[in-house]
Structure formats: structure tokens, C-alpha cells
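Each residue of the sequence shown is one higher than the one before, starting from 1 at the first, in UniProt numbering.
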Amino acid sequence: METLRVVGASLTASELLRGLTIAVVFSRFLSSRSADKTLIPTWRLNKFTEIIKISGFFLLFIFARSWLGLVDHYVPEPYLDEVFHIPQAQTYCQGRFWDWDDKITTPPGLYLLSVANHKLWRLAECTSFSLRNNNVLDILLIALLAALCRDDIEARTAEQQQDSRPTQSPKKRQFFSLYTCHTALNIALFPVLFFFSGLYYTDVASTLLVLLAYKNHLGRLGKESPDLISDFLTVVFGVATLFMRQTNVFWVVVYMGGVEAVHAIRCLKPEPEERPPFTTLEEHVRFFLSRCSVGDIEDPRVDLAWPDDWLTCLLSIAVAALCNPVKVLRQVWPHITILALFGGFVAWNGGVVLGDKSNHIATIHLAQMLYIWPFFAFFSAPLFLPTIVGFLLSPFKTLYTLVCGKHHRAASGPTQSSRRSNKSSPALKVTTLVSVRKVYHPLYLVATILLSLAVVKFNTIIHPFTLADNRHYMFYVFRYTIRRSLKVRYLLVGAYTLSRWLVWGRLAGYNNDRASSPPINTYILVEGSSKGRTSDDTLVKEEENNKTLGTLDDENSYSTTPPLTSTVLFWLLTTSLSLITAPLVEPRYFILPWVFYRLLVPAWRLDWSPSSQTEPPREAAAAAARSSRNGQEERKRREKEPSKILIKLAEDLAKKVQVDLSLLLETAWFIAINLGTMYMFLYKPFYRRVPVSGELLDGGRVQRFMW
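Right, here's the structure in full:
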């Protein structure tokens, strides 16, 4: 009852009106866009989705405001790191900008933002509540920016697919997909991020500014050549993120700069060139390098790529960048400027960390790249629903393939490449065997497991803070897993491997007509398209996927398309750089890697026309012909059946809304985790004592569990 009273006191009429106003404004901003894809707030609304969007923002506001009210009631005094942050912000509010607490290791961006906010709203003083209250609006802005970023990702996907199919007229996207809005809501509800919306920490504001920089970055990807205003904003937003947290440099320089470099190379748009017949590996390599030098890089979707394709992708990008330095530098010079400014700061400061540097010494901590996968797998568990469905349906798909002969092309005779294989050199035959047949894949799996075991043995680092601070959940995770025994550490490699497979597979997406594993790509080595890079089977697979992913007549057409391999590789590289330099394992360090991962995850939709997927092409055509002759009478008769009417209504609603079931489960999962961590923080306080004597530590102050 006390909890309900506190929540009721927090959600006053004025607060509810404030939240509803914000929800309406944000929702209408996401309502539509002009024909040239420039986002504008207009009043032409899709009523059903508009209600969903307003409800989502409003409920998020209520949840965040209730959480803030409960924290302010039960924990009115600064807690843990707030002991440093709140007094420093109050010092800034008093205009004493040169007074600094040496125990604070992050830049003053949070405090400057708080001062600006208090000046804007003309608040009398900087209290704990007023400083924490900034995060309520910030968490809503994170949802808005996440929606804008995800929509831009889908817009770039649409442009790429239309470029690959120039004979089709461009499709105008006029409304944000529901998947975009639901994804944004779930990102704001991410438990590690949402928890700190009730406390005065740097995480929420830092994430907000990084997403703002990312939104500007995605806008630059929509232009063949960026303008000076965009360049200037890139530097401003990038530096602003560094004022929040030093490790943001990896995201604004490595990730965004790397993706923009690839974009600059793609804008070269070289003319296709027919691949001549090759008999030696040297000829293949020369042709590959010549094509890369003019900007024809290997960058398939991640669902079409194997490990050797990752290497080919990086190599082709490197060659293209070296051969076109002016084009690439014109695109990425703002990111280089940010890096130079950061380097100047490090030289001036004598290190990356401000204040106390003794407990924040950069080190090589490779085990972080093992811990991240179960972390992602735990929070993204509902997203793996398609994996479960695919696993359950795989026997039926296999049976269907055997019975119906879906892959009838295999019996159509030898391909051009197979007829020429007898003339190939031994080196080319061996390389083709490795690259095309993927015979290395079992060795690759074994190598990753052995590498993980080596990292566990030689690079497991347990920070003193992790051992001593039982207020954080990570203390108990280490206590009951990694610290139990060396045997347990080795056994956890299996969990790391499985989690990595699930997370990476989810990035590859799940489509009804696509196998769960990537097809056999034959880039570089086998004749294929006019560019000479892809086998016939891969081209057919890509065409089938494009038909399904890119021509649906709704606003979710491009939600199911997986990201490009280069984008995922730059994400992985940036995540590695930001984590392996940190000796301390802390969930907050995983926030940005997870947010960018979540923005890249494609949608999953069940097929509402199963007959089209269960009939071979010829039988489907015959069925369509019969339906055209005799279907009218049958349709009229069936439409009168009550069951058919209900099914039709359900299918029409599902096609209109295009709900991703895994997102609904993810929302429920996040709410459950948030409620659990809120309960532990508010209602399970404890005191820290010396183990033997029982003497109270920390001055007898109440301690609470948190991330």
C-alpha cells in the first residue's frame, strides 16, 4: 500500500498531463515523413498505430516517473556514485566550474547538461530530485532517437536494395514501421539502462548523446557526399559524447567512421564487369584486387556471409580505401578530427581517466569478449524465439525438400564453374575447396573453443572492486560461477559459445524461406554474376530473399532485412575495443554495445500465407490458374462461414500491424527484470559488516543491491 501511495503522489495531474503532452508530440513526430524521406511532423495520422505510439510513450513516462518517485521516497540521499556526482553538479550549479572532485574519473558533461537544464526550466536549486528528474525526459528522448535511428537503418536498407534492382521503381516509405517503434520502446526499457534513469549517473545522458551522434551519422549515409554543416555537426556531437564518457570515442570514431568509410567506397559505383574464365589462383586474386580498387567491394548481408567472407570483406574495404584515399578522407575527416582532439586531451591530461587513476588503469582484458555473449543472451532471450521455431520446423523443412525437390537446380547439370574446374590449377582447386565447400568450418569451431579456453586460462582478470563490493549483482555472478573453481571456468566456455552463436544468428535474421545457416557463398573464386563474385545458388537465394524482404506492400518491408557484414564487423571491433581495455566487469559497460546490437537486429514475422511457401513453383502456378477459373464461387461460399470470417479478420489485422511476437515477449521480459531489480533495490536493504567481528562498514549506512 505504501508503494501505491508513493506512486500516486508522484503521478499528479500535472505530471500526467506533462507525460501525455510529451507522448503526443513524440508520436506525431514519428507519424509520417515527406516523399523525399525528410522527417517532418505532420497531422496525417494512421489512427491505429498512432494510438499505439502515444500509449507506448505515455506508459514509458508513467513507468519512469513512478520509478523516480519511489527512489526519491526510499533513497532521498545520494547513493553510491551519486555521492560524488550530485555534489559536483551542485558545485557547477553555483557557478564554481573550476572546483573538481579528484575521485571523479569521467568528464563534466553530465554536470554541464544539468546546469543547462536547470537554467532552461528556471529551477531554484539543484537538489537530488531535480538532478535525477532529468533522466525521465532523457529516457523518453532515447526512445525517440532509437526510433529515428532504426527508421534510418531501414531507409538505408531500402536504398541499397533499390540500387541492386534498378529496374524497379523506388518505393516511397511514408510511415514508421511498427517494428521501429516497438524496438525503440524496448531499448528504453533495457533493464541496465532503465534502472539508472532513477539515479543521477552518466549512463542515460551518455547513451542519449551517442544516439544523437548516431542519428546524424545515419543521415550522412543517405547522401553521396556530406555537406559542411553535416561535417560540423559530426564533430560537435562527437565531442559532446566524449564529455560524457571517454570510451564513447570508440563508437563515434571507429564504428561510425568505419561505416562511413564503407559508404564512401560504395558511392564510387563502378560499372559491372563480366568475369573472364580463370584457371589459376593468381588470376582470381588480380581480378579481385582490380575490382576492389575501383570500389566494387565484397559486402554481403550478414546472413549470407561465412567467416572467410568476413576476411574477404575487410580485405576488400582496405584495398578500396587505399586506392581511393581522397574519397574516403572527404567522408571521414570529421571522425579523424574527433580522434585528434581526444588524443590532445589524453596528452594534456596524462591519461584517459580524470581524477583517481589508480583503480582505472587500462589493460588487456580479453575475457570481456567472452562475458558479453551470455550477457546479451540473458537479456535478449525472447529474441531467440525464431531459433526455437526454426529448430522445431527444421525436420519438416528437410522432409519437404526431399519430397518436393525444392532444390531441383542441383539436377540440372554441371555448372559452368564445375566444367572449368578440371582446368584449374592445384592451388585454385584447394582454395576453392576451402572457400566454396567450407571444409574449414569444423576447424573454425574447434579453434574458437580452444581460443576461448586459452583466454580463460591466461587472461581471466578479477578486479578488486568485483571481489569486495557485494552491492552489485556482478559480485554474485562471479562468486557462483567464475570464482568457484577452474573447472567451472572451463565449462562456461560452452555457454559462451552457445550464446555467441545465438546472438550472431539473431543478427542474421529469420525469414520464412531462408535456411537458418548462410548459403554457400563463392565470392572471388567461382564465376557468378556480372561482377563475377557469386555462385548461381547464392544469386537465386539472394533474389528469393529480396522478393520477400523488399517488396511487401507495407511499412515493415525492410524491417526483416539483416545488416551488412561490414556494419556488423565494425560493431564487433568497436565493442571489443571498448571492453577489452577495461579491467572491471560491469554491466553498465555493455549498454552501448547492446543498444547498437539491438538497433541492427532485424524483425521476425510469421508467414500468413503458408500455401505460398509449401508448394513448389510449378504446383503453385497451377493452383493459381485453377483458382482464377473456379475461385470466385468457392470464395463466396467460404466467405460466408463464420470461422473463415474470423480467420480473415485476424490475418488482415496481423498483416496490417505486422507484430513481431519476439518483441512482445522482450517487452514483458524487460518489465519483469525491471520490477525485480526495483524490488531488490528499494525493499531489500542491508548493512555491510566485517565478517568476523560484525562491525558495521561504510559508517553504518544502508546499502542496496543494484547493477
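Cβ atoms here follow ideal geometry from the backbone N, Cα and C, with glycine treated the same way.
- Under DSSP, residue 686 forms a beta bridge with 703.
- Here residue 598 is buried. Its C-beta has 16 or more other C-beta atoms within 10 Å.
- Taking each of 447, 103, 199, 688 in turn and checking the Cα distance to residue 79, the smallest one comes out for 199.
- Three or more Cβ pairs closer than 8 angstroms define a contact, and the stretch 566 to 581 meets that threshold against the stretch 249 to 268.
- Secondary structure in the stretch 309 to 350: the alpha helix (DSSP H) runs of 4 residues or longer, each lying completely within the stretch, are 325 to 349 in chain order.
- Residue 217 and residue 559 have their C-alpha atoms some 19 angstroms from each other.
- A residue is called buried when at least 16 other Cβ atoms come within 10 angstroms of its Cβ; residue 53 meets this threshold and is buried.
- From the listed residues 505, 55, 675, the smallest Cα separation to residue 380 is found for 505.
- By the neighbour-count criterion, in which 16 or more other beta carbons inside 10 Å mark a residue as buried, residue 58 falls on the buried side.
- Separation of residue 370 and residue 680 (C-alpha to C-alpha, rounded to the nearest whole angstrom) is 27 angstroms.
- Residue environment for residue 225: exposed (fewer than 16 other C-beta atoms within 10 angstroms of its C-beta).
- Annotation: residue 439 to residue 81 spans about 52 angstroms, alpha carbon to alpha carbon.
- DSSP places residue 463 in the coil class of the three-state scheme, outside both helix and strand.
- By the neighbour-count definition (other C-beta atoms within 10 Å, threshold 16), residue 122 is an exposed residue.
- Less than 8 angstroms divides the Cβ of residue 368 from the Cβ of residue 585.
- Taking all protein chains shown into account, residue 256 has 16 or more neighbouring C-beta atoms within 10 Å of its C-beta and is therefore buried.
- Taking all protein chains in view, the Cβ of residue 363 is surrounded by fewer than 16 other Cβ atoms within 10 Å, so the residue is classified as exposed.
- Burial check for residue 19: the Cβ neighbour count within 10 Å reaches 16 or more, so the residue is buried.
- Burial of residue 69 is indicated by the presence of at least 16 other C-beta atoms within 10 angstroms of its C-beta.
- 104 is the residue among 75, 375, 698, 104 whose C-alpha sits nearest the C-alpha of residue 87.
- Residue environment for residue 338: buried (at least 16 other C-beta atoms within 10 angstroms of its C-beta).
- One Cα belongs to residue 446, the other to residue 309, and the distance between them is close to 19 angstroms.
- A contact is defined here as three or more CB-CB pairs under 8 angstroms, and the stretch 261 to 272 meets this definition with respect to the stretch 311 to 327.
- Shortest Cα-Cα distance from residue 270 to any of 284, 683, 297, 685 involves 297.
- Proximity to residue 304 across 51, 140, 566, 497 peaks at 566, based on C-alpha coordinates.
- CA-CA distance, residue 261 to residue 159, rounds to 17 angstroms.
- A direct Cα-to-Cα measurement between residue 568 and residue 457 gives close to 28 angstroms.
- Taking the Cβ atoms as the reference, residue 376 lies roughly 7 angstroms from residue 499, within the contact range of under 8 angstroms.
- Residue 181 is positioned such that its CB atom lies closer than 8 angstroms to that of residue 147.
- Looking at the backbone, the Cα of residue 463 and that of residue 286 are separated by about 50 angstroms.
- In this structure residue 136 is in contact with residue 65, their Cβ atoms being roughly 6 angstroms apart against a cut-off of 8 angstroms.
- The alpha-carbon separation between residue 697 and residue 472 amounts to approximately 16 angstroms.
- Listed in chain order, the non-local C-beta contacts of residue 292 below 6 angstroms within the same chain comprise 316, 319, 320, local neighbours out to five positions each way being set aside.
- Across the structure, residue 674 and residue 693 are spaced so that their CA atoms are roughly 35 angstroms apart.
- Per the C-alpha coordinates, the member of 341, 351, 94, 360 positioned closest to residue 241 is 341.
- In this chain, residue 104 is not harboured by any alpha helix (DSSP H), its DSSP state being neither H nor E.
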